[in-house]
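Report on the following structure.
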Amino acid sequence: MKKLGEHAIVIGAGMGGLLAARVLSDFYTVVTVLERDAFPAPDTPRKGVPQGRHTHGLLARGSAILEEFFPGYNMEVVAQSGGLIGDVANDVIWIGRNVRLANGTSDLTGLLASRPVLEGHLRRRLLGLPNVRTLESCAVRGLASDPVRRSVTGVRMCVEGQPEETIDADLVVDATGRGSSSAAWLEELGYQPPANEKVEIGISYMTRSYRRRSTDLDGKQGIVVAGSAPNWRNGVMLAQEGDSWIVSAGGFLGDDAPDNDDGFLAYLATLPTMEIHDVVARAEPLGEFRRYRYASSLRRRYEKLARFPENYLVFGDAICSFNPVYGQGMTVAAEEALTLQQCLRTGSNDLARRFFRAAAKIVDIPWDIAVGNDLRHPHVKGARPPMLRFINWYIGKLHLAATRDSTLATAFLKVVNLMMPPSTLLSPAIARRVWQGNRKPGLSVPSPAIEAARRNSASS
Numbered sequence: 001m002k003k004l005g006e007h008a009i010v011i012g013a014g015m016g017g018l019l020a021a022r023v024l025s026d027f028y029t030v031v032t033v034l035e036r037d038a039f040p041a042p043d044t045p046r047k048g049v050p051q052g053r054h055t056h057g058l059l060a061r062g063s064a065i066l067e068e069f070f071p072g073y074n075m076e077v078v079a080q081s082g083g084l085i086g087d088v089a090n091d092v093i094w095i096g097r098n099v100r101l102a103n104g105t106s107d108l109t110g111l112l113a114s115r116p117v118l119e120g121h122l123r124r125r126l127l128g129l130p131n132v133r134t135l136e137s138c139a140v141r142g143l144a145s146d147p148v149r150r151s152v153t154g155v156r157m158c159v160e161g162q163p164e165e166t167i168d169a170d171l172v173v174d175a176t177g178r179g180s181s182s183a184a185w186l187e188e189l190g191y192q193p194p195a196n197e198k199v200e201i202g203i204s205y206m207t208r209s210y211r212r213r214s215t216d217l218d219g220k221q222g223i224v225v226a227g228s229a230p231n232w233r234n235g236v237m238l239a240q241e242g243d244s245w246i247v248s249a250g251g252f253l254g255d256d257a258p259d260n261d262d263g264f265l266a267y268l269a270t271l272p273t274m275e276i277h278d279v280v281a282r283a284e285p286l287g288e289f290r291r292y293r294y295a296s297s298l299r300r301r302y303e304k305l306a307r308f309p310e311n312y313l314v315f316g317d318a319i320c321s322f323n324p325v326y327g328q329g330m331t332v333a334a335e336e337a338l339t340l341q342q343c344l345r346t347g348s349n350d351l352a353r354r355f356f357r358a359a360a361k362i363v364d365i366p367w368d369i370a371v372g373n374d375l376r377h378p379h380v381k382g383a384r385p386p387m388l389r390f391i392n393w394y395i396g397k398l399h400l401a402a403t404r405d406s407t408l409a410t411a412f413l414k415v416v417n418l419m420m421p422p423s424t425l426l427s428p429a430i431a432r433r434v435w436q437g438n439r440k441p442g443l444s445v446p447s448p449a450i451e452a453a454r455r456n457s458a459s460s
């Protein structure tokens, strides 16, 4: 493949940065990944990833893309670190709108492992490429540019304990995540920062790991409980390496799960199923409680900027940071990596405009899914146009029909896993099944905990 330049720099060695570097390795003679952290021991959390100790699962779309970039990656995680591969629609219990979706076999393959394991294997595979190198404990201070500030020519950086220096590059990619400094760096060069879209959700969740037994959940690999009225609490329990469960629970806008055994169990008991509670109640804890707070979903509209310097890109969570409950971030970064690859195949001219416009189309779908669902919560602020209200009503009806129709459940999960666009759920064939499913009596009913909460809410 023809090289587009001698040197590319990626700032940030998270999942997004590693994927961006993998793509760039095909187009640049040398790729350098700059990371402010020191890389940890294998399969251990990294300081710069505060969410790394919390629940992670790779959506089916993300798993497929990682396998494309790094053949054998999924089985390597399983064989070397004890990750699990399973059928997303059959091996995981899905509860939403206070009802349980029917399980059924599908072609949705998901990979379950902790964030340190997923990232560690990706980093080791990347560094196995002969033209990729890393600099650890390296803080980037800003961008270097040509005299007229039209093009980025490198970065100003400082390795811990050493003086600042400039590293030249033909392309610089910011993959530093939500805390990206790109807006400030652009202003330093005389460019406007992007407009931001923000949805305040005040998500907080508590996480702890527990010993997993083969009989837990009747052998299923996990359970996902999506928050709904009346209490809007979420719960997730996923199998991880080392015969463990990772359990997270939390709510919106200050509805925090307690960080003690009795309080956490009481919180789990308010979910529309007791299954997570019952496993945790008899399981051996494998660590301490850890809390993660996430104030808002944030989207930076780089595609709308009229001016942008040449030879510079922003990538992954630095473009858009989603409500982590939906597990979309790693998969969106993988999709952006595919898009970057496609853009580079046609050359580096006008790269930023082409990439940002294509990335915006990728972000649109998971952003609409996450924000649209969050806006069901009455206290989350944001516009609720008639179409959004209709879609949320329709998805509720789909959930009811999908309690006994695994075809509907799988169709919904394909959208959630970013394998199919949401428009497929409005196709005549799916809409007909939704209508027929809602005509039948005896649909699944919420748990006693939900019914009690509704009665209490109605009487208050």
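Numbered by full-length UniProt numbering, the letters in the sequence shown go through residues 1 to 460 in order. Just so you know, even glycine gets a beta-carbon here, dropped at the ideal spot from N, CA and C.
Given residue i as reference, the closest of the options once Cα atoms are compared
i, options, result
"G287", "N260, S297, A383, E165", "N260"
"G120", "V77, N103, S151", "V77"
"I11", "Y210, M157, G222", "M157"
"V279", "S114, E336, R208", "R208"
"E197", "Y292, I319, L118, R149", "I319"
"residue 467", "R149, D216, A401, A352", "The shown model of the chain, from 1 to 460, leaves out residue 467, and the question about it has no answer."
"F39", "T55, R212, V117, S151", "V117"
"M420", "G251, L108, A337", "L108"
"T55", "Q328, E164, G161, T339", "Q328"
"P366", "P422, Y394, V380", "P422"
"residue 524", "G17, L84, V23, V159", "No answer is possible for residue 524: it lies beyond the span of the chain, which begins at 1 and ends at 460."
"residue 462", "A20, R432, R376, R115", "A query on residue 462 cannot be resolved here, the shown segment of the chain reaching from 1 to 460 and no further."
"R233", "V416, D374, V155", "D374"
"I276", "G251, I246, R293, Y294", "I246"
"K381", "I201, R432, C343", "I201"
Rounded C-alpha distance that separates residue i from residue j
i, j, result
"V132", "Y312", "19 Å"
"A359", "T153", "23 Å"
"D255", "S204", "7 Å"
"F390", "L398", "12 Å"
"K414", "M206", "28 Å"
"A383", "N231", "22 Å"
"S81", "E241", "6 Å"
"C138", "E164", "10 Å"
"A337", "S106", "26 Å"
"L418", "V325", "15 Å"
Residues that DSSP places opposite residue i in a beta bridge
i, result
"S114", "S114 pairs with nothing; no bridge assigned."
"R156", "G142, T166"
"W94", "V224"
"C343", "Answer is none; C343 lacks a bridge partner."
"W245", "Y210, A239"
"S151", "E310"
CB of residue i within 8 Å of CB of residue j, strictly
i, j, result
"P272", "F264", "no"
"N90", "G110", "no"
"D405", "A102", "yes"
"N98", "S228", "yes"
"R61", "T331", "yes"
"V172", "S297", "no"
"R123", "A13", "yes"
"Y302", "P194", "yes"
"L305", "Q192", "yes"
"V224", "I369", "no"
"A269", "Y210", "no"
"L84", "Q221", "yes"
"G16", "V33", "no"
"P309", "L189", "yes"
Close-in-space but distant-in-sequence residues of the same chain around residue i (CB under 8 Å, 5 per side omitted)
i, result
"G347", "L4"
"Y28", "K3, L4, G5, E6, H7, A8, N131, D170, L171"
"R178", "L298, D317, A318, S321"
Proximal residues to residue i (C-beta, below 7 Å), its chain only, five neighbours per side dropped
i, result
"L125", "A small correction: the amino acid at residue 125 is Arg; Leu does not occupy that position in the sequence shown. Closer than 7 Å at Cβ, skipping near neighbours: F70, Y73."
"A411", "T424, L425, I430"
"S182", "D174, V314, A318"
"L400", "V99, G437, N438, L443"
"T339", "F355, A358, A359, I362"
is_contact[residue i, chain C] using C-beta, thresh 8 Å
i, result
"G16", "Within the model displayed, chain C is absent; a lone protein chain is all it includes."
Chain-order list of residues whose beta-carbon lies under 6 Å from that of residue i (same chain, five-residue window excluded)
i, result
"H379", "L253"
"S180", "D174, A318"
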